[in-house]
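Here UniProt numbering is used: position 52 in the sequence shown is 52, and no number is missing along the way. Think of the CB as a built atom: it goes at the ideal place given N, C-alpha and C, for glycine as much as any other residue. Small disclaimer: the values here were computed from a predicted structure and weren't measured. As structure tokens, the structure follows; a few thoughts come after it.
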Amino acid sequence: MVFSSLVFLCIFLPAVFLSYTLVPSKRVKNGILIVTSLLFYAYGEPVYVFLMIGSTIVNYFFGLLVEKGKKGRRLKLGAAVFLNLLLLGVFKYAGMAAETVNQLTGAGIPVPQIVLPVGISFFTFQAMSYVIDVYRGQVDAQRSYWKVLLYISFFPQLIAGPIVKYYDIALEIENRQQNLTEVAEGFRRFCIGLSKKVLISNTVALAADAVFALPVSRVNILTAWIGAISYLLQIYYDFSGYSDMAIGLGKMFGFHFKENFHYPYAARSIQDFWRRWHMSLSTWFKEYLYIPLGGNRKGKIRTCVNKMVVFFCTGLWHGASWTFVVWGLYHGVFLMIESFLPKGKKAPALLGHLYALLVVTVGFVLFRADTLSQGLSMIAAMFTGFSFGEEMMSTAILQLTPLFLFMTAAGVICAAPWKEWLEKKRRKLLPMVESFSYPVSIALLILCILSLSGGTYNPFIYFRF
Numbered sequence: 001m002v003f004s005s006l007v008f009l010c011i012f013l014p015a016v017f018l019s020y021t022l023v024p025s026k027r028v029k030n031g032i033l034i035v036t037s038l039l040f041y042a043y044g045e046p047v048y049v050f051l052m053i054g055s056t057i058v059n060y061f062f063g064l065l066v067e068k069g070k071k072g073r074r075l076k077l078g079a080a081v082f083l084n085l086l087l088l089g090v091f092k093y094a095g096m097a098a099e100t101v102n103q104l105t106g107a108g109i110p111v112p113q114i115v116l117p118v119g120i121s122f123f124t125f126q127a128m129s130y131v132i133d134v135y136r137g138q139v140d141a142q143r144s145y146w147k148v149l150l151y152i153s154f155f156p157q158l159i160a161g162p163i164v165k166y167y168d169i170a171l172e173i174e175n176r177q178q179n180l181t182e183v184a185e186g187f188r189r190f191c192i193g194l195s196k197k198v199l200i201s202n203t204v205a206l207a208a209d210a211v212f213a214l215p216v217s218r219v220n221i222l223t224a225w226i227g228a229i230s231y232l233l234q235i236y237y238d239f240s241g242y243s244d245m246a247i248g249l250g251k252m253f254g255f256h257f258k259e260n261f262h263y264p265y266a267a268r269s270i271q272d273f274w275r276r277w278h279m280s281l282s283t284w285f286k287e288y289l290y291i292p293l294g295g296n297r298k299g300k301i302r303t304c305v306n307k308m309v310v311f312f313c314t315g316l317w318h319g320a321s322w323t324f325v326v327w328g329l330y331h332g333v334f335l336m337i338e339s340f341l342p343k344g345k346k347a348p349a350l351l352g353h354l355y356a357l358l359v360v361t362v363g364f365v366l367f368r369a370d371t372l373s374q375g376l377s378m379i380a381a382m383f384t385g386f387s388f389g390e391e392m393m394s395t396a397i398l399q400l401t402p403l404f405l406f407m408t409a410a411g412v413i414c415a416a417p418w419k420e421w422l423e424k425k426r427r428k429l430l431p432m433v434e435s436f437s438y439p440v441s442i443a444l445l446i447l448c449i450l451s452l453s454g455g456t457y458n459p460f461i462y463f464r465f
């Protein structure tokens, strides 16, 4: 895996930031970021770092090729997309494909045991979007390979996003500035993201892991809901925490990444949820798949088909398992249903929130389950598991530790859009809250370091995607 958390916090990050800040030359600054990003990845992926470098070389040259003239540009783009998808197919989906064929036909094809390169889905999508944007004329092909390598390998978002489009940071690769205010804001954002992961996500993960490790026969309605809600909070604070850390670190180095989450559990529909959840992925699929398929321009039936294709791919992108595919299609079905509902009549806000939360919670049970069978059994237990034997109840009560209850409450409160409420209703309080947040972020950082030194760290969920 990548650097251990304490090595990253106490040695790697301070060393990189200080060396980067003290060097005046932009070229040398870029060189520092490239070298340290490759070291960051190579620490846990010593072989696959060459795979990532190879990917950047191929896409760099395709960027130059698709920009030149009109002849054969589409064919060159198709070759670039094919090679990127082939890379994902071999390293991520070959095992799943072989297992599926064996199950359907009994062919007995050997299942390849390929170790999944960390973050391959993220850096492949970034590389592919670069070539597509050059083809579309949205950006000029980058003449410097090193700048393409920096774009794809930049360590804050290399492993688990957000997915950054080249045209969003092309100017900052060429010319960016550091200033004390943005460094402070970035550091605060990094501390908040780390706290989300270490203090909230890691705590509720203990209950989620314990419940999903149980035999289904030992799961009743209470245990099932504890597991489902724990994972609902775990995945949000895990992934949004990493995104906050990446955005904060980017700002410390002079880069401005777009937001990846916007209070998704405040959504009032599944369509609203996907406007707020993993926004870099949803916009990627919208720009590079949904719109090229025709978007919503060819009638409702075609729109629904396009959405289902997108959400099939969204599920498959998350992992080489049919649980992820079913999770994606599950969301696609609800989006399709919502598209046929009459416009103009909105459900009460509370009802909309409850509907969206219920759909999302049930969906994440499928997402977390090891198999479809386990996922469906857990969902059944959530609604029909009315068995309250002593063993089942003791299993449920064991998860309800004081620390779990406290962090669950904190997770529920922090998932609400309080900042938006302050901006609308209590603007005078914002400067006070902003000033107070800096010492709080330092205190949270100290708590995180103490927690990590106690060995309670869990890898980020999205490292495996």
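Within 10 angstroms of the Cβ of residue i, are there 16 or more other Cβ atoms? Answer buried if so, exposed if not.
i: Leu335; result: buried
i: Met1; result: Residue placement at Met1 is poorly supported in this model, since its pLDDT is 41, which falls under 50; the coordinates still yield a value, given next. Per the 10 Å Cβ criterion, exposed.
i: Ala15; result: exposed
i: Asn260; result: buried
i: Asp238; result: buried
i: Leu65; result: buried
i: Leu429; result: exposed
i: Gly63; result: buried
i: Leu444; result: buried
i: Ile200; result: buried
i: Asn202; result: buried
i: Gly188; result: One point to set straight first is that residue 188 is Arg, not Gly, in the sequence displayed. It is buried - the Cβ of Arg188 has at least 16 other Cβ atoms within 10 Å.
i: Tyr20; result: buried
i: Met432; result: exposed
i: Val412; result: exposed
i: Trp421; result: exposed
i: Tyr236; result: buried
When the distance is taken between beta carbons, is residue j closer than 8 angstroms to residue i?
i: Ser243; j: Pro162; result: yes
i: Val310; j: Tyr290; result: yes
i: Val90; j: Met128; result: no
i: Thr408; j: Val204; result: yes
i: Ile449; j: Leu9; result: yes
i: Leu403; j: Tyr265; result: no
i: Gly193; j: Met245; result: yes
i: Trp317; j: Phe367; result: no
i: Val216; j: Gly227; result: no
i: Lys300; j: Gly332; result: no
i: Ala208; j: Ser240; result: no
i: Thr124; j: Asn84; result: yes
i: Val28; j: Leu38; result: no
Just confirm the distance between the C-beta atoms of residue i and residue j, as a whole number of angstroms; I'd bet it's less than 8 angstroms.
i: Thr371; j: Ser339; result: Actually they are not in contact, since the Cβ atoms of Thr371 and Ser339 sit about 31 angstroms apart, beyond 8 angstroms.
i: Ile173; j: Leu150; result: 6 angstroms
i: Asn59; j: Val118; result: Contact doesn't hold; Cβ gap of about 19 angstroms is too wide.
i: Tyr93; j: Ala369; result: About 19 angstroms; that fails the 8 angstroms criterion.
i: Met378; j: Val359; result: Not quite, the Cβ-Cβ distance comes to about 15 angstroms (not below 8 angstroms), so this is no contact.
i: Leu88; j: Ile120; result: 7 angstroms
In the DSSP assignment, find the unbroken alpha helix (DSSP H) run with residue i in it and report its ends.
i: Gln126; result: Ile120 to Arg136
i: Leu150; result: Tyr145 to Ser153
i: residue 552; result: Outside the shown range of the chain (1 to 465) lies residue 552, about which nothing can therefore be said.
i: Leu18; result: Leu13 to Leu22
i: Gly186; result: Leu180 to Ser195
i: Ser387; result: Where Ser387 is concerned, there is no enclosing alpha helix (DSSP H), given that its DSSP letter is neither H nor E.
i: residue 476; result: For residue 476 there is no data in the structure shown, the boundaries of the chain being 1 and 465.
i: Asn59; result: Tyr48 to Glu67
i: Ile169; result: Tyr166 to Glu174
i: Gly363; result: Ala349 to Arg368
i: Ala97; result: Ala94 to Thr105
i: Ile109; result: Note, Ile109: premise wrong, no alpha helix (DSSP H); not H, not E.
i: Arg302; result: Lys300 to His318
i: Lys26; result: Lys26 to Gly44
i: Arg275; result: Ile270 to Arg276
i: residue 479; result: The chain is shown only over 1 to 465; residue 479 falls outside these bounds and no answer can be derived.
i: Leu86; result: Arg73 to Leu88
i: Asn260; result: Segment: none, Asn260 is in no alpha helix (DSSP H) and carries neither H nor E.
i: Val204; result: Asn202 to Phe212
For a cutoff of 8 angstroms on Cβ pairs, would you count residue i as touching chain C?
i: Tyr151; result: Absent from the structure is chain C; it holds one protein chain and no more.
Give a yes or no on contact between the segment 213 to 229 and the segment 153 to 169, applying the rule of three or more CB pairs nearer than 8 angstroms. no
Counting Cβ pairs closer than 8 angstroms, one from the segment 33 to 40 and one from the segment 133 to 153, do we hit at least three? yes
Is the segment 92 to 108 in contact with the segment 71 to 79, if contact means three or more CB pairs nearer than 8 angstroms? no
For the pair the segment 263 to 280 and the segment 182 to 193, tell me if three or more CB-CB distances fall below 8 angstroms. no
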